[in-house]
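Engineer:
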């Protein structure tokens with residue numbers, strides 16, 4: 002590494018052979034006196050220059066104080082009463098009141114002929130009139146082209162004064178654009194009731210007459226071009242013609258400005274030798290303040306410092322003689338001590354430094370005391386530890402898998418570790434420029450120390466690089482170069498991209514799961530409501546089914562009773578048929594034996610009673626059958642028709658038996674008429690026999706219909722049982738569906754919560770990935 006090579010070079014240089022060291026000491030001993038002498042001379046010159054500079058610095062404060070006292074105080078007090086009289090001139094005030102700018106300018110021009118100006122008490126340059134808001138109205142013909150109100154701060158101050166302050170004069174020291182120092186006095190026009198303002202611009206430089214004598218030197222005020230505007234000499238008669246301005250001394254200050262002589266800006270020099278190096282003058286540039294933090298004038302001051310030079314030369318010569326003697330004695334004593342004590346330890350130190358320069362950081366150092374040699378040992382120990390640390394760091398940097406390069410401030414590549422050389426396929430001798438192909442923008446960013454340090458991940462044609470650029474500075478914070486370290490993070494970045502895409506896809510899936518789980522939750526809630534309604538309706542249907550089954554069982558019982566009644570009617574009808582057969586036989590017999598008619602009539606009467614009883618019972622059975630048919634509802638409609646027909650037959654039977662009774666009574670009443678009526682009875686008996694046959698057929702049909710009704714009712718009863726079982730099954734299924742819907746609802750809630758947790762985890766993971 003470059004630092005290690007430099008350390009080895011420094012250690013090797015420090016481990017010079019003792020022979021070379023002795024020679025150096027001898028030469029050093031011979032040169033010490035000359036060096037000390039030169040140092041004394043340099044110290045003397047430095048002290049003398051320092052003293053002169055201190056003196057010159059004091060001049061700056063003195064000049065500013067003197068100018069401030071002369072101009073800002075004395076001069077202002079001198080011209081203020083004069084300017085006040087000008088501002089109260091009636092003709093000037095009237096021009097303001099009438100806003101007659103032409104007359105106003107004429108009045109301003111008249112001021113240049115005022116008595117104070119003509120007599121030289123006031124060196125008037127120009128006059129400017131303003132309105133209440135300090136807008137310029139008119140100027141005198143002698144116009145500078147500038148005003149103190151050109152300074153925004155001054156104008157803002159003047160405008161912002163209250164009425165009491167505005168009635169007072171305001172004075173300002175300022176400089177024109179070409180560097181000419183002037184003095185302005187701002188006064189209200191018209192006195193107490195001001196109608197405007199007047200600026201009187203004067204040349205105050207004549208007030209500085211005699212400043213050269215006061216300060217003990219030559220004083221000049223220059224403009225921006227270096228022309229002398231004012232000059233005050235210390236002793237005009239004693240200044241030589243080739244170095245000083247034209248003779249005139251302080252008299253020149255009376256005509257400062259146009260009458261001032263011009264002197265080159267590069268004279269006098271800070272130190273000038275005159276008359277065979279016997280005369281010395283010191284010069285200083287002074288910036289005179291305007292009292293507001295700005296520069297009013299640039300001045301130059303120089304003075305004679307020949308006496309000071311002579312005194313310092315004498316003192317320096319004496320010091321040299323004394324110090325040379327002392328140093329010579331000290332050199333002799335030091336040489337003896339060096340031979341007896343120091344050289345032996347230096348020889349050991351030289352050997353140790355040689356070993357350290359060769360990389361041996363375990364070298365032993367000689368035992369010494371606590372003197373300067375001991376300090377040297379401590380320094381050498383520190384050097385040894387520094388070399389050890391440097392070697393460790395060099396080994397770490399050289400063998401680290403992170404590619405590392407060192408770029409000098411001029412852009413040259415000075416170091417590449419093993420990983421970097423393997424990655425780039427070359428060394429510092431074969432690689433230069435933009436060796437990572439990162440582009441001109443990155444190179445410009447890398448070359449600017451203000452951008453360091455920084456880290457950046459850049460995609461190149463070889464993949465993604467994680468780059469660290471950091472400044473390398475010495476102990477004095479001087480930039481030695483830029484360390485550029487990089488790692489190939491293509492796999493990590495590609496994984497990050499894949500993870501990002503995966504996160505986006507998982508987030509999308511989680512969002513979809515959330516939406517579907519919410520839909521499933523809604524469906525589960527709807528299914529739960531439907532299952533609850535189904536349970537309620539199936540419960541109602543079960544009750545209705547059970548009631549229908551009970552009614553069906555009642556109908557079946559009634560049908561069985563009706564069947565028994567019909568069987569009984571059938572039996573009675575059969576018996577009636579037998580009786581009518583016998584009646585027919587008896588009627589036939591009555592034809593042969595009319596005498597036995599009464600007996601037969603009696604039997605017919607009993608038979609009629611029996612038929613009436615049967616008809617009455619049949620009518621009751623038909624009425625019961627009608628009631629049971631109405632109970633059976635739709636299933637009993639056909640049976641109701643049969644019952645009505647049976648009732649009709651029963652009524653016919655009752656009617657027929659009534660007729661038979663009437664006939665029998667007639668027979669009983671009119672036995673004698675029997676023979677005549679026998680044929681009629683025979684016909685009636687035939688009719689009864691036909692009716693009975695009809696009743697028998699009707700009863701048979703009713704019996705068959707009743708059988709069918711009974712079978713149907715039994716099937717309905719069986720179906721009602723099956724329906725009961727089915728409704729019970731549906732009810733159980735609905736309850737099971739309700740439980741499943743509840744479970745589905747719970748699972749949907751859990752799924753929605755899991756989806757939200759997944760979305761939240763993905764968001765946190767995404768934020769964590771962004772941080773990394």
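In the working numbering, the protein residues as written are 2 to 773.
A virtual CB, placed ideally from N, CA and C, is assigned to each residue, including glycine.
If you're wondering where the values come from, they're calculated on a predicted model, not measured in any experiment.
So the candidates are 641, 653, 310, 448; which of them puts its Cα closest to the Cα of residue 47?
Structural biologist: Looking at the Cα atoms, 310 is the closest of the given residues.
Engineer: Can you find the residues in the same chain that come closer than 8 angstroms, C-beta to C-beta, to residue 297, ignoring five residues on each side of it along the sequence?
Structural biologist: The answer, listed in chain order, is 68, 174, 175, 176, 182, 289, 290, 291.
Engineer: Ignoring anything shorter than 3 residues or poking outside the segment 130-176, list the beta strand (DSSP E) runs there in chain order.
Structural biologist: Runs found: 137-140, 171-176.
Engineer: For residue 487, list the residues DSSP reports as bridge partners.
Structural biologist: DSSP, once it has assigned bridges, lists 404, 468 as partnering residue 487.
Engineer: Between 613, 384, 418, which lies nearest to residue 397 when the distance is taken from Cα to Cα?
Structural biologist: With distances taken between Cα atoms, residue 397 lies closest to 418.
Engineer: Under 8 angstroms Cβ to Cβ from residue 794, same chain only, skipping five residues before and after it: list those, please.
Structural biologist: Absent from the model: residue 794. The displayed extent of the chain is 2 to 773, so no value can be given.
Engineer: Under the three-state reduction of DSSP, which class applies to residue 224: helix, strand or coil?
Structural biologist: In the structure shown, residue 224 sits in coil (DSSP, three-state: anything other than H, G, I, E or B).
Engineer: I'd like to know whether the C-beta atoms of residue 225 and residue 179 end up nearer to each other than 7 angstroms.
Structural biologist: Result yes, Cβ atoms of residue 225 and residue 179 sit closer than 7 angstroms.
Engineer: Run the proximity test for residue 71: is its beta-carbon closer than 6 angstroms to any non-hydrogen atom belonging to the ligand SAM?
Structural biologist: By its list of ligands, the structure shown contains no ligand whatsoever, and the ligand SAM lies outside what it can speak to.
Engineer: Would you grab the beta carbon distance between residue 655 and residue 626 for me? Rounded to a whole angstrom, and I think it's under 8 angstroms.
Structural biologist: Actually they do not touch by this definition, with Cβ atoms about 17 angstroms apart.
Engineer: Can you confirm whether the segment 318-333 touches the segment 211-231 when touching is taken to mean that 3 or more C-beta pairs between the two stretches lie within less than 8 angstroms?
Structural biologist: Touching, no.
Engineer: Just to confirm my understanding: we take residue 467, look at its own chain, exclude 5 residues before and 5 after, and list those with CB closer than 6 angstroms. What are they?
Structural biologist: Only 458, 488, 490 meet the Cβ criterion.
Engineer: Taking DSSP's pairing of strands, which residues face residue 303 in a bridge?
Structural biologist: According to DSSP, residue 303 bridges with 219, 284.
Engineer: Taking 8 angstroms as the threshold, find out whether the segment 117-124 comes into contact with the segment 198-213 through three or more Cβ pairs.
Structural biologist: Yes: the two stretches touch, three or more of their Cβ pairs being nearer than 8 angstroms.
Engineer: Can you check DSSP and say which residues form a bridge with residue 125?
Structural biologist: Paired residues: 203.
Engineer: Do residue 196 and residue 106 have their C-beta atoms closer together than 7 angstroms?
Structural biologist: It is not a contact, given that the beta carbons lie outside the stated cut-off.
Engineer: By the 10 Å Cβ neighbour count, where 16 or more other Cβ atoms means buried, how is residue 378 classified, buried or exposed?
Structural biologist: Classification for residue 378: buried.
Engineer: Round the Cβ separation of residue 450 and residue 480 to the nearest angstrom and send it over; I've been treating them as touching at under 8 angstroms.
Structural biologist: The pair is a contact, with the Cβ atoms about 6 angstroms apart (cut-off 8 angstroms).
Engineer: Quick one: using the 10 Å Cβ neighbour count with 16 as the cut-off for buried, is residue 754 buried or exposed?
Structural biologist: So residue 754 ends up on the exposed side.
Engineer: In whole angstroms, what is the alpha-carbon distance linking residue 164 and residue 52?
Structural biologist: About 52 angstroms.
Engineer: With a Cβ-Cβ cutoff of 7 angstroms, do residue 217 and residue 282 count as a contact?
Structural biologist: Not in contact: residue 217 and residue 282 (Cβ atoms no closer than 7 angstroms).
Engineer: Would you identify the three-state DSSP class for residue 120, choosing helix, strand or coil?
Structural biologist: Note: residue 120 maps to coil in three-state DSSP.
Engineer: So residue 652 and residue 620 are in contact, right, with Cβ under 8 angstroms, and what is the actual spacing, rounded?
Structural biologist: Yes, they are in contact, since the Cβ atoms of residue 652 and residue 620 sit about 7 angstroms apart, within 8 angstroms.
Engineer: Apply the 10 Å Cβ neighbour rule to residue 633 and answer buried if 16 or more other Cβ atoms are within range, or exposed otherwise.
Structural biologist: Under this definition residue 633 is a buried residue.
Engineer: With DSSP as the reference, label residue 474 as helix, strand or coil.
Structural biologist: In the structure shown, residue 474 sits in a strand (DSSP, three-state: E or B).
Engineer: Just mark residue 329 as buried or exposed, buried being the case when its beta carbon has 16 or more other beta carbons within 10 Å.
Structural biologist: Looking at its Cβ environment, which holds fewer than 16 other Cβ atoms inside 10 Å, residue 329 is exposed.
Engineer: Kindly indicate which three-state DSSP category residue 429 falls into: helix, strand or coil?
Structural biologist: Here residue 429 sits in coil by DSSP.
Engineer: Report back the beta-carbon spacing between residue 658 and residue 609 to the nearest angstrom; my notes put them in contact at under 8 angstroms.
Structural biologist: Confirmed, Cβ separation roughly 5 angstroms.
Engineer: Specify the secondary structure class of residue 644 as computed by DSSP and reduced to three states.
Structural biologist: In the structure shown, residue 644 sits in a helix (DSSP, three-state: H, G or I).
Engineer: For residue 82, name the three-state secondary structure that DSSP assigns.
Structural biologist: Helix.
Engineer: Residue 611 by DSSP, collapsed to three states: which one?
Structural biologist: The answer is helix: DSSP assigns residue 611 an H, G or I state.
Engineer: Is residue 195 helix, strand or coil by DSSP?
Structural biologist: Of the three classes helix, strand and coil, the one that applies to residue 195 here is coil, per DSSP.
Engineer: Buried or exposed: which applies to residue 431, given that a residue is buried once 16 or more other Cβ atoms fall within 10 Å of its Cβ?
Structural biologist: Result: exposed.
Engineer: Taking the Cβ atom as the reference point for each residue, do residue 117 and residue 72 lie within a distance shorter than 7 angstroms?
Structural biologist: Contact flag unset, no.
Engineer: Quick one: Cα of residue 470 to Cα of residue 446, how far?
Structural biologist: Each residue's alpha carbon lies about 10 angstroms from the other.
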